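Chains as they are written, first to last, in my numbering: chain V, 252 to 383; chain R, 252 to 383.
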DNA sequence: AATATAGTTCAACATATATTGAATTATATT
DNA sequence: AATATAATTCAATATATGTTGAACTATATT
């Protein structure tokens, strides 16, 4: 696991570890397609596999990754418990949306503050003069 | 490259291929830290490496990935072209934000529409009755 | 009780990519 | 001209993870 050591001097507006974890899971073509189908309310393993032409064991694998980061819920059919239904975890999705929006907010972009390069030698003194 | 074949029957609200590509690049701990620093206006390879305790060649590698998907811009120092300055591509970031927000919008979540499982045998006929 | 069904788990394999150290490029300094 | 500097490129390696086929679990049906 990575040491987010720069957090001390350069704090990010969100939990970077959690954000990375979730993005990693979502940044996979087939999982994003599965996620898209779940957004539409499709839920059993079989239908996901049929729609995407992916074998059920692979669907299982990808769903378990999505579950592991809390983005997807599971539920067994009350009548016939062989069927398993998957759904989007709305709270987790809202959390993800908020975190993503906060971290990748274009308004966070700051202009260059040169601490290296030729200008770094010049500008600091100019600033200190300007301040007085 | 994956065939986004389900696009026909289950269209996503955004270009999934581009979104996956960019998320893949961002879903890496060190790159997210680099990105965070760039948001603060830090830009040369050397300072990124110093802050994050990462060798310059590895910084180069990660920056090239970020550049490859258009999220980061490059510029050489006008006075001393040995220095290279990196910055966030604001337009790309705005595009990414919009796409992410559209795809992961919690309001897109639909209730289950059973097409398989025990209830699938019952409900369709009920619907057709209800429609008449 | 035997068989069928929905789904998961497992081990083996394939593939992608992060990491490392050395070599290279291009420019600036002495 | 020789050396130093900032950064990139390259080949080799390590690591993570998607994919596959077979075995397995649990429940339902006949």
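Where is the CB? At the ideal position from N, CA and C, for every residue including glycine.
Predicted model only: the values in this text are computed from it and were never measured.
- Beta-bridge analysis with DSSP links residue 327 of chain R to R:335.
- Put simply, of V:258, V:264, V:260 and V:272 the residue whose alpha carbon is nearest the alpha carbon of residue 350 of chain V is V:264.
- Note: residue 295 of chain V is bridge-paired with V:336 in the DSSP secondary-structure output.
- Note that the C-beta distance between residue 353 of chain R and residue 278 of chain V is not below 8 angstroms.
- Interface residue (Cβ-Cβ distance to chain R less than 8 angstroms): residue 313 of chain V is not classified as such.
- Put simply, the CB of residue 320 of chain R is far from chain V, with every gap to its CB atoms at 8 angstroms or more.
- Taking 8 angstroms as the cut-off between beta carbons, the residues of the segment 337 to 351 of chain R near chain V are 338, 339, 341, 344, 345, 347, 348 and 351, in sequence order.
- Boundaries cannot be given for residue 261 of chain V, as no alpha helix (DSSP H) includes it and DSSP labels it neither H nor E.
- At a Cβ-Cβ threshold of 8 angstroms, residue 322 of chain R and residue 342 of chain R do not count as neighbours.
- For residue 286 of chain V, the enclosing alpha helix (DSSP H) begins and ends at 280 to 290.
- Contact note: residue 325 of chain V does not reach chain R at a C-beta cutoff of 7 angstroms; the least C-beta distance is about 13 angstroms.
- Contacts between residue 275 of chain R and chain V, judged by CB atoms closer than 7 angstroms, involve 278 in chain order.
- Contact with chain V is absent for residue 353 of chain R, since none of that chain's Cβ atoms lies less than 8 angstroms from the residue's Cβ.
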